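K.L.:
Quick one: the structure is below, and I'll ask about it shortly.
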Amino acid sequence: MSACSLPNWSRAVVKVGSALVAPDDRGCSTTHLLPIARFVADSRRQGKDVILVSSGAVAAGLAEQGRDGPGTGLSIPERQALAALGQPLLMAHWRRLFDVPCAQVLLTYDDLQRRARFVNAKNTIAELLDRGTLPIVNENDTVATEELQVGDNDNLAAYVAVLAEADLLVICSDVDGLYTADPHDDPSAERIAEVDTITDDIYAMVGPSHRAVATGGMQTKVEAAEKATDRGIDTVLVNGTNGDHLDALGRGEMPGTHFRRATQPLPARKHWMLHALPTAGRLVVDAGAADALRHDGASLLPSGIVAVEGTFAQGDAVAVVLQRQRQRVAKGITQYDAPALRRIQGRQSHAIADLLEEAPADYVIHRDDLVVEG
Ligand code: GLU
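My numbering numbers the first residue of the sequence shown as 926 and each following residue consecutively.
Here is the structure:
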């Protein structure tokens, strides 16, 4: 595969942001959607599966209320109401661009995090694809309050790509790809064509979004790429305002930035632990414990823990950080809640039974419930 060719794929999630759906802040427009729809339709004709993740409900709702403009400073109830008004308009808008039935799938963070709901959503999307329809996903904004929401459709699209077992995630944005600096502010910024591994340096390059209706920005696109590539899904970031980019994608070329899929993707359960479960607290560990996790495939024992941060319950996911640099070492599911851990931290495992009434395990995080991060 050459540096500028798209890897072969059979199932893609294509994410289209509000900046493309409603480019002039006056509700849904076809200005940028026709080339995207053509790419989707051509791919389907080649026997490939496509799932759209589309933003634009809030923007469409704003226009329906006769309110032009970017929707700056909307409260959560306002966004929820506007999404309820705009979502049917958004679906009707997309439907006009395709010859096949479009199915609306609205998801919340809860649906992605809880196994039973996750499996339901997965089965529904599989059935919709089997029926030859085009699933169009958005966050269920009307019920997603701050704590419950994914919050941006870039990350939502990555979750959908994992759920639907896609092998490609296409994020259509209004910039040509990932740049070494924000090209709006820095004319010397250069586009990066290939990203092998998403490191802290990549995050350091990206800044917050300029727009108000769109919630993303480059940071959420990199987060989405990390989620997808960790699961073995190639991710590309293209300029959806440039029809040539979409046509190039259709020819198997790679016009924007390609985030390469991990060579050793995380198994489903570990991926879910790392990316879907919220991090409820932090365990600060010494260098010996960090080494044992990183290099020896060990479980985390109480003796290596030097501090416990946050309030969390047994069974919650917690981050394991190194004492010195506060660098993240791992994430895993704890066998003990925060108060119990504060009593046993720094102690040998055989002492647990004397310190606590209940001692479910002589480790704090079992190796199988742990993902080493760096
Ligand atoms: N779900 C929101 C909407 O449809 C958009 C979220 C986003 O742009 O990332 O308006």
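Yeah, the Cβ is synthetic: ideal placement off N, Cα and C, and Gly gets one too.
All values reported here derive from a predicted model rather than from experimental measurement.
Closer than 7 Å to a non-hydrogen atom of ligand 1 - does that hold for the CB of His1064?
P.N.:
Here residue 1064 is Glu; the residue named in the question, His, does not match the sequence. Yes.
K.L.:
Report, in whole angstroms, the separation of the C-beta atoms of Gln1038 and Ala1201, which I expect to be a contact under 8 Å.
P.N.:
So it is a contact: roughly 5 Å between Cβ atoms.
K.L.:
Considering Cα atoms alone, identify which of Leu1280, Asp1111, Val1163, Asp1293 is closest to Phe964.
P.N.:
Ranking Leu1280, Asp1111, Val1163, Asp1293 by Cα distance to Phe964 puts Val1163 first.
K.L.:
Please identify the residue among Val1254, Arg1042, Gln1260, Asn1048 whose C-alpha is closest to the C-alpha of Pro1227.
P.N.:
The residue with the shortest Cα to Cα distance from Pro1227 is Gln1260.
K.L.:
Excluding the five sequence neighbours on either side, which residues of its own chain have a C-beta within less than 7 Å of the C-beta of Cys929, listed in chain order?
P.N.:
Once the five neighbours on either side are set aside, the close Cβ partners of Cys929 are Ala1118, Glu1178, Met1179.
K.L.:
How big is the Cα-Cα spacing for Asp1287 and Tyr1034?
P.N.:
Cα-Cα distance, rounded: 33 Å.
K.L.:
By DSSP's criteria, Thr1182 is part of a beta bridge. Which residues make up the other side?
P.N.:
Leu1162, per the DSSP bridge assignment.
K.L.:
Across which residues does DSSP place Asn1063 in a beta bridge pair?
P.N.:
Leu1031, per the DSSP bridge assignment.
K.L.:
Can you tell me whether Ala1342 sits near ligand 1, meaning its C-beta is under 7 Å from at least one heavy atom of the ligand?
P.N.:
Limits of the chain in this structure are 926 at one end and 1299 at the other, which puts residue 1342 out of reach.
K.L.:
State buried or exposed for Thr1154, treating a residue as buried only when at least 16 other CB atoms are found within 10 Å of its CB.
P.N.:
By the neighbour-count rule (16 or more Cβ atoms within 10 Å), Thr1154 is buried.
K.L.:
Quick one: residues in its chain with C-beta nearer than 8 Å to the C-beta of Ala1278, no 5 flanking neighbours on either side, listed in chain order?
P.N.:
Answer for Ala1278: Ala1284, listed in chain order.
K.L.:
On the three-pair Cβ rule with 8 Å, is the stretch 939-958 touching the stretch 1071-1089?
P.N.:
Yes, the stretch 939-958 touches the stretch 1071-1089.
K.L.:
What separation, rounded to the nearest whole angstrom, lies between the Cα atoms of Asn1048 and Glu1282?
P.N.:
Each residue's alpha carbon lies about 43 Å from the other.
K.L.:
Of the residues Glu1115, Ile1123, Gly1142, which one's Cα is nearest the Cα of Asp1099?
P.N.:
Among Glu1115, Ile1123, Gly1142, the Cα nearest to that of Asp1099 is on Gly1142.
K.L.:
For ligand 1, any of its heavy atoms closer than 7 Å to the Cβ of Asp967?
P.N.:
Asp967 Cβ: outside cutoff for every heavy atom of ligand 1.
K.L.:
Hey, would you say Gly1235 sits closer than 8 Å to Gly1213, going by beta carbons?
P.N.:
No, they are not a contact pair.
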